[in-house]
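Visitor: Everything in the sequence shown is counted per the numbering used here, starting at 1366 for the first residue and increasing by one. Where is the CB? At the ideal position from N, CA and C, for every residue including glycine. This is the structure I want to talk about, given as structure tokens.
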Amino acid sequence: EQILSQGCADLVALSRPLLADPEWVAKAAQGASRRINTCVACNQGCTAPRTAPVQASCLVNPRAGHETRLPLSAAAQPRSIAVVGAGPAGLACAVTAAARGHSVTLFEAGPEVGGQLRLAQRVPGKEEFTETLRYYRACLEDTGVELRLNTAADADELLPGGYSEVVVCTGTRPQLLPLERQSQCHVKVINASEAL
1366 EQILSQGCAD LVALSRPLLA DPEWVAKAAQ GASRRINTCV ACNQGCTAPR TAPVQASCLV
1426 NPRAGHETRL PLSAAAQPRS IAVVGAGPAG LACAVTAAAR GHSVTLFEAG PEVGGQLRLA
1486 QRVPGKEEFT ETLRYYRACL EDTGVELRLN TAADADELLP GGYSEVVVCT GTRPQLLPLE
1546 RQSQCHVKVI NASEAL
């Protein structure tokens, strides 16, 4: 609004931000910018070269291009759901389930949410992933997801909760591929987290 009112531009155009969050304009107009899912400029699903007709997608919005197939409607029967793992998949699952009216508890074995997003935001030029974490933290708070950090969700932790559903979103760990003659060539192989 400031750019327009100062005469610095005649219009503001959005495309990729609307794939990341189709409610961008409405949220901005309502002053709910903390709930805007920000485009991270990855150029993967929205502008990647196409060799065949492929539907657009978005790295930070799993529903992009599938809004009519995956409507975000209220749950017919709200349930108690445990989501194990607060990486990108666990965050999206917990926030979506809570937005549909389910009671959600999100378990994270570590001290903070984000999983591999925390690593991705440390890559030079990929600092935008900080915005993805900001968005999910705001959504967790606004949707009432109960967050349990530093809590390994094993059977002893989950059974007393009486959850009707448990969704496991624990991700994976990097695997180093064995390189032929690695030790003979004195080559040190490291993964991304060690490099950053």
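So which of Ala1441, Pro1427, Ala1451, Glu1492 has the shortest CA-CA distance to Thr1535?
Guide: Here residue 1535 is taken as the residue at index 170 of the sequence shown, counted from 1. For the residues Ala1441, Pro1427, Ala1451, Glu1492, the minimum Cα distance to Thr1535 belongs to Ala1451.
Visitor: Less than 8 angstroms separating the beta-carbons of Val1460 and Leu1505?
Guide: Locating residue 1460 in the sequence shown gives position 95, counting from the first residue. Locating residue 1505 in the sequence shown gives position 140, counting from the first residue. Taking 8 angstroms as the Cβ cut-off, Val1460 and Leu1505 qualify as a contacting pair.
Visitor: If you draw a straight line from the C-alpha of Ala1474 to the C-alpha of Cys1373, how long is it?
Guide: To locate residue 1474, count along the sequence shown from 1; it is residue 109. To locate residue 1373, count along the sequence shown from 1; it is residue 8. The straight-line gap from Cα to Cα measures roughly 48 angstroms.
Visitor: Got a sec? Which residues, its chain only, sit under 7 angstroms from Ser1382 by beta carbon, not counting five neighbours each side?
Guide: Looking up residue 1382 in the sequence shown gives position 17. According to the sequence displayed, residue 1382 carries Pro and not Ser. Around Pro1382: Trp1389, Cys1404.
Visitor: How long is the line joining the alpha carbons of Ala1429 and Cys1411, rounded to whole angstroms?
Guide: Residue numbering aside, residue 1429 sits at position 64 when the sequence shown is read from its first letter. Residue numbering aside, residue 1411 sits at position 46 when the sequence shown is read from its first letter. So the alpha carbons of these two residues sit roughly 10 angstroms apart.
Visitor: Could you tell me if Pro1476 is buried or exposed, where buried requires 16 or more neighbouring beta carbons within 10 angstroms of its beta carbon?
Guide: Position 111 of the sequence shown, counting from 1, holds the residue named residue 1476. Answer is exposed; the Cβ neighbour count stays below 16.
Visitor: For Gly1479, which residues of its own chain have a beta-carbon under 6 angstroms away from its beta-carbon, when the five flanking residues on both sides are left out?
Guide: For the purposes of this step, residue 1479 is taken as residue 114 along the sequence shown, with counting starting at 1. So the qualifying residues of the chain are Leu1498.
Visitor: Going by alpha carbons, who is nearest to Thr1338 out of Thr1470, Pro1489, Val1531, Val1488?
Guide: Because the chain here runs from 1366 to 1561, residue 1338 falls outside it and cannot be looked at.
Visitor: Assuming Val1531 and Val1449 are in contact, meaning their beta carbons sit under 8 angstroms apart, how far apart are those beta carbons, in whole angstroms?
Guide: Working through the sequence shown from its first residue, we reach residue 1531 at position 166. Working through the sequence shown from its first residue, we reach residue 1449 at position 84. Val1531 to Val1449, Cβ: 7 angstroms. Contact.
Visitor: Can you list the alpha helix (DSSP H) stretches of 4 or more residues lying completely in the segment 1457-1503, in chain order?
Guide: 1481-1485
Visitor: Would you call the CB atoms of Asn1408 and Val1425 closer than 8 angstroms?
Guide: On the sequence shown, position 43 is the one that residue 1408 refers to. On the sequence shown, position 60 is the one that residue 1425 refers to. Pairing Asn1408 with Val1425 gives a Cβ-Cβ distance that is not under 8 angstroms.
Visitor: Ser1445 by DSSP, collapsed to three states: which one?
Guide: Residue mapping note: residue 1445 aligns to position 80 of the sequence shown, counting from 1. Ser1445 falls in the strand class under three-state DSSP.
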